[in-house]
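Numbering of the sequence shown is given in this note's numbering, commencing with residue 4 and proceeding in unit increments.
We put the CB at the ideal spot given by N, CA and C, even for glycine.
Model, not experiment: these values are computed from the prediction.
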Amino acid sequence: MDTLTRIRRLGGAARFSEIGTSRYQLQRLVATGALVLVERGCYALPDAPAAVRLAAQQNGAVSCVSALRHYGVDIAGDSSLVHVSVPRGRGTARRRPTGVRRHHEDVATGSTARIVPFAVAAVRAALCLPYDDAVAALDRVAHGRPASFLRQVIEDVAAVSGTRAQALELDVDGRSRSRIETLARLALRRAGLAVVPGAVVPGVGEVDLLVEGWIIVELDGYAFHSDRRAFRRDRARDRNAARLGFLVLRFAFEDSDPAAVVAAVSEIVRAHGDGGAREPGGTVPPNIRAAVVELRADAVGAGTRVQGWRHLRGRDLQAVRTSVAALAESG
């Protein structure tokens, strides 16, 4: 195996001790531009991602949210801050470049030697991020994956933090498709409301959030449904929902702050009391009518008001209590 192939198989960047060739050969490759000297003893291919280069400098692996982004998961936050896992017991003498956050833990590498496996990255993110951001990240990780995957992630989190694992087990829901949906769901439940993410309404389709069994909350992303055809389709869905007795609240990206969503929904719930849910229109077929009744019952059933944050301790608990107090004031 030639030197460049070896480095590519190592993820695109490697330490001298890993490459298995002479310094003379490496110097020649650097001179021709085939390799980049990142620092003394550390080499990278010209097209190696910056995160991988930084991981090689630390003799570690891209981890946590940085690895999740590498695997295609949309994670909010500063992507220029690279999370790197380095082996436990390694001292801190190695210089830490600006823009690197180290995690001292047993390093397991994935398909490339400089990036941890997907599940390992998910566990690290669940432990590293502020609690609500961790829920949002795991919602994205769990979306479209088998329930067994999330259970294993939670078990691995529990090995480090039992209280956070208990909270995440209740709050994470892979039916949420975006961070704004997750944060709105958490906020609405903390306001005491029953919320179902990704509910499928007969004759309407999947909706972002179904609140108290009769309020449909739609949260449009920044670039969501910008063309005219999609705009008309959304309005047709809204009319169908109204015909079935649902109230639709649609929030633009700029208006989807969780506190604003809670304030708007809470005001409507208070105004209507128990009489907010209307019967489907007279022309609605009996089978659709029956399905709507069943959906509404399920949407206020067990688990729709769950609040996992009550299991938290320390700074996690204090941070969520502060947000809950702010929601109470806004609502």
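Which partner residues does residue 106 have in the DSSP bridge list?
For the purposes of this step, residue 106 is taken as residue 103 along the sequence shown, with counting starting at 1. For residue 106, DSSP records a beta bridge to 88.
Under the assumption that residue 59 contacts residue 12 (Cβ atoms under 8 Å), give the Cβ distance between them as a whole number of angstroms.
Within the sequence shown, residue 59 is the residue found at index 56, counting from 1. Within the sequence shown, residue 12 is the residue found at index 9, counting from 1. 13 Å between Cβ atoms; not a contact.
Take residue 246 and list the residues in its own chain whose beta-carbon comes closer than 6 Å to its own, dropping the five residues that flank it on each side.
The sequence position of residue 246 within the sequence shown is 243, counting from 1. Contacts found: 284.
Determine whether the beta carbon atoms of residue 138 and residue 199 lie at a separation below 7 Å.
Counted from its first residue, the sequence shown places residue 138 at position 135. Counted from its first residue, the sequence shown places residue 199 at position 196. Going by C-beta atoms, residue 138 is not nearer than 7 Å to residue 199.
Tell me which same chain residues have a C-beta within less than 7 Å of the C-beta of residue 210, skipping the five on either side of it?
Here residue 210 corresponds to residue number 207 of the sequence shown, with the count starting at 1. Non-local C-beta neighbours of residue 210 in its own chain, meaning closer than 7 Å and more than five positions away in sequence, comprise 202, 204, 219, 221, ordered along the chain.
Report all residues from its chain with a CB closer than 7 Å to the CB of residue 21; omit the five preceding and five following residues, and keep chain order.
The residue given as residue 21 occupies position 18 in the sequence shown. These residues qualify, in order along the chain: 13.
Write down every uninterrupted run of the beta strand (DSSP E) in the stretch 196 to 237 whose length is 3 residues or greater and which is fully enclosed by it, in chain order.
198 to 200, 212 to 214, 218 to 222
Tell me whether residue 108 is buried or exposed, calling it buried when 16 or more other Cβ atoms sit within 10 Å of its Cβ.
For the purposes of this step, residue 108 is taken as the residue at position 105 of the sequence shown. By the beta-carbon neighbour count (other beta carbons within 10 angstroms, threshold 16), residue 108 is buried.
Using a threshold of 7 Å, state whether the C-beta atoms of residue 73 and residue 166 are closer than that.
For the purposes of this step, residue 73 is taken as residue 70 along the sequence shown, with counting starting at 1. For the purposes of this step, residue 166 is taken as residue 163 along the sequence shown, with counting starting at 1. Not a contact, by the Cβ cut-off of 7 Å.
Please classify residue 290 as buried or exposed, where buried requires at least 16 other C-beta atoms within 10 Å of its C-beta.
As a position in the sequence shown, residue 290 is number 287, starting the count at 1. Residue 290 should be labelled exposed.
Residue 223: which of 237, 328, 159, 215 sits nearest, CA to CA?
The count along the sequence shown starts at 1 and reaches residue 223 at position 220. Of the candidates 237, 328, 159, 215, the one whose C-alpha sits nearest the C-alpha of residue 223 is 237.
Between the Cα of residue 128 and the Cα atoms of 36, 81, 68, 144, which residue gives the shortest distance?
On the sequence shown, residue 128 is found 125 positions in, with the first residue counted as 1. The residue with the shortest Cα to Cα distance from residue 128 is 68.
Distance check for residue 31 and residue 163, CA to CA, integer angstroms please.
Taking the sequence shown and counting its residues from 1, one reaches residue 163 at position 160. Taking the sequence shown and counting its residues from 1, one reaches residue 31 at position 28. So the two alpha carbons sit approximately 46 Å from each other.
Do you know offhand how far residue 81's Cα is from residue 102's?
For the purposes of this step, residue 81 is taken as the residue at position 78 of the sequence shown. For the purposes of this step, residue 102 is taken as the residue at position 99 of the sequence shown. Those two C-alpha atoms are separated by around 10 Å.
Just the Cα atoms here: how many angstroms apart are residue 179 and residue 271?
Stepping through the sequence shown from its first residue, residue 179 is reached at position 176. Stepping through the sequence shown from its first residue, residue 271 is reached at position 268. If I take the Cα positions, the gap works out to 23 Å.
Determine the direct distance from the alpha carbon of residue 263 to that of residue 312, and round the result to whole angstroms.
To locate residue 312, count along the sequence shown from 1; it is residue 309. To locate residue 263, count along the sequence shown from 1; it is residue 260. Straight-line Cα distance between these residues: approximately 21 Å.
With distance defined between alpha-carbon atoms, name the residue in 319, 89, 286 nearest to residue 64.
Position 61 of the sequence shown holds residue 64. Per the Cα distances, 89.
For residue 133, which residues of its own chain have a beta-carbon under 7 Å away from its beta-carbon, when the five flanking residues on both sides are left out?
The residue you call residue 133 lines up with position 130 of the sequence shown. Contacts found: 322.
Need the endpoints of the beta strand (DSSP E) that residue 74 sits in, please.
Taking the sequence shown and counting its residues from 1, one reaches residue 74 at position 71. Taken as a continuous stretch (DSSP letters only), residue 74 belongs to no beta strand (DSSP E), as it is neither H nor E.
By the three-class DSSP mapping on this structure, what secondary structure does residue 282 have?
Walking along the sequence shown from the start, residue 282 turns up at place 279. Three-state DSSP puts residue 282 in coil, outside helix and strand.
Anyone know if the C-beta pair for residue 87 and residue 125 falls short of 7 Å?
Position 84 of the sequence shown holds residue 87. Position 122 of the sequence shown holds residue 125. Contact: no.
Just confirm the distance between the C-beta atoms of residue 193 and residue 310, as a whole number of angstroms; I'd bet it's less than 8 Å.
On the sequence shown, position 190 is the one that residue 193 refers to. On the sequence shown, position 307 is the one that residue 310 refers to. With a Cβ gap of about 6 Å, residue 193 and residue 310 count as contacting.
Suppose contacts are defined by Cβ-Cβ distances below 7 Å. Is residue 299 in contact with residue 216 by that definition?
Start at 1 with the first residue of the sequence shown, and residue 299 comes out as number 296. Start at 1 with the first residue of the sequence shown, and residue 216 comes out as number 213. Against a cut-off of 7 Å, the Cβ pair of residue 216 and residue 299 comes out as a contact.
Cβ of residue 243 within 7 Å of Cβ of residue 206?
Here residue 243 refers to the residue found at position 240 when the sequence shown is read from its first residue. Here residue 206 refers to the residue found at position 203 when the sequence shown is read from its first residue. Yes; because the gap between Cβ atoms is below 7 Å, this pair is in contact.
Is the beta carbon of residue 41 closer than 7 Å to that of residue 18?
The residue labelled residue 18 in the question sits at position 15 within the sequence shown. The residue labelled residue 41 in the question sits at position 38 within the sequence shown. Cβ atoms of residue 18 and residue 41: not closer than 7 Å.
Run through the DSSP bridge pairs and tell me what residue 18 is partnered with.
For this step, residue 18 is matched to residue 15 along the sequence shown. Residue 18 pairs with 45.
In whole angstroms, give me the CA-to-CA distance for residue 34 and residue 120.
Within the sequence shown, the letter at position 31 stands for residue 34. Within the sequence shown, the letter at position 117 stands for residue 120. The C-alpha of residue 120 is placed about 34 Å away from the C-alpha of residue 34.
Skipping 5 residues on each side, what residues in its chain have a beta carbon closer than 8 Å to that of residue 160?
Here residue 160 is taken as the residue at index 157 of the sequence shown, counted from 1. Here the set comprises 126, 129, 130, 167, 168, 171.
Among 276, 188, 254, 287, whose alpha-carbon lies nearest the alpha-carbon of residue 330?
The residue labelled residue 330 in the question sits at position 327 within the sequence shown. For residue 330, the nearest C-alpha among the options comes from 188.
Nearest-angstrom Cα distance between residue 286 and residue 302?
Numbered from 1 along the sequence shown, position 283 holds the residue referred to as residue 286. Numbered from 1 along the sequence shown, position 299 holds the residue referred to as residue 302. Each residue's alpha carbon lies about 24 Å from the other.
Determine the DSSP secondary structure at residue 324, reduced to helix, strand or coil.
For the purposes of this step, residue 324 is taken as residue 321 along the sequence shown, with counting starting at 1. Three-state DSSP puts residue 324 in a helix.
What separation, rounded to the nearest whole angstrom, lies between the Cα atoms of residue 195 and residue 267?
Within the sequence shown, residue 195 is the residue found at index 192, counting from 1. Within the sequence shown, residue 267 is the residue found at index 264, counting from 1. Taking the Cα positions, residue 195 is about 14 Å away from residue 267.
Starting from residue 251, trace the beta strand (DSSP E) in both directions and tell me its first and last residue.
One-based indexing of the sequence shown puts residue 251 at position 248. Run containing residue 251: 250 to 254, per the beta strand (DSSP E) assignment.
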